[in-house]
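Novice: Taking the numbering used here, I'd label the letters of the sequence shown as residues 27 to 196.
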Amino acid sequence: MGHISKQKYAQLMTDNRRRFYRIAYSYVKNEQDALDIVSESTYKGLKYLKSLKESAFFITWMTRIVINTAIDHERKNARLVIFGDYMMEPEERGLTGFDEEVIFDLYDALDILEPDEKTCIILKYFEEYTFREISEILNMPESTVKSKIYKCLRHMKNYMEGVKCHDKFR
Numbered sequence: 027m028g029h030i031s032k033q034k035y036a037q038l039m040t041d042n043r044r045r046f047y048r049i050a051y052s053y054v055k056n057e058q059d060a061l062d063i064v065s066e067s068t069y070k071g072l073k074y075l076k077s078l079k080e081s082a083f084f085i086t087w088m089t090r091i092v093i094n095t096a097i098d099h100e101r102k103n104a105r106l107v108i109f110g111d112y113m114m115e116p117e118e119r120g121l122t123g124f125d126e127e128v129i130f131d132l133y134d135a136l137d138i139l140e141p142d143e144k145t146c147i148i149l150k151y152f153e154e155y156t157f158r159e160i161s162e163i164l165n166m167p168e169s170t171v172k173s174k175i176y177k178c179l180r181h182m183k184n185y186m187e188g189v190k191c192h193d194k195f196r
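Written out as structure tokens, the structure reads:
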């Protein structure tokens, strides 16, 4: 138990770099910004390495640092959020024009959420974390995570139904 060495930290960062990049990218939708966030998070993690009590909690601890760094970056730049794979051209993804519209409506619905709500949705549905893992990362009770996610899904559904209704009258 105890603190982890800088060498172990470097190995854990290398082993999990793609995971951290995906999380950062889901906030900023820009490769360079996501890399900057991971780089800044790596520095912060190293700087506060002594605060990590158990190496078993590394992923949870570092994910939280990446999320907070991404949210700070997002606040500073006030950008819209679009996620990873959807940066490809529609034809590359095999999407029709209709699918493309639905995806952009979904992103718009995500953008109406508060940062902590968006984080819950990203971790659950884009990174496939369990409710328990999300509760550990965000340091909140599992029941709160569940209710927040279900509330967000209802909110997003209502938003998307409103968009769909509005589109009929264009």
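Quick reminder that beta carbons are idealized off the backbone N, C-alpha and C, glycines included.
Secondary structure at residue 29, three-state DSSP: helix, strand or coil?
Specialist: Coil, per DSSP.
Novice: Is the CB-CB distance between residue 149 and residue 138 below 8 angstroms?
Specialist: No. Outside cutoff.
Novice: Below 8 angstroms on the Cβ atoms is my contact criterion, and I expect residue 186 with residue 132 to pass it. Report the Cβ-Cβ distance as a whole number of Å.
Specialist: About 7 angstroms; that satisfies the 8 angstroms criterion.
Novice: With a 10 Å radius around its C-beta and 16 neighbouring C-beta atoms as the bar for buried, classify residue 122 as buried or exposed.
Specialist: Any answer about residue 122 is weak, because its pLDDT of 47 lies below 50 and its placement is not dependable; what the coordinates show is given next. Exposed, since its Cβ has fewer than 16 Cβ neighbours within 10 Å.
Novice: What's the gap between the Cα of residue 56 and the Cα of residue 99?
Specialist: Cα to Cα, residue 56 sits roughly 12 angstroms from residue 99.
Novice: Would you identify the three-state DSSP class for residue 78, choosing helix, strand or coil?
Specialist: In this structure, residue 78 counts as coil in the three-state DSSP scheme.
Novice: Which residues in the same chain have their Cβ closer than 7 angstroms to the Cβ of residue 178, if we skip the five residues on either side of it in sequence?
Specialist: 139, 143, 146 and 147.
Novice: Check each candidate in 92, 181 and 130 and name the one with the smallest Cα separation from residue 164.
Specialist: When each option's Cα is compared against that of residue 164, the closest is 92.
Novice: Let me know the secondary structure DSSP gives residue 182 once reduced to three states.
Specialist: DSSP places residue 182 in helix when its eight states are reduced to three.
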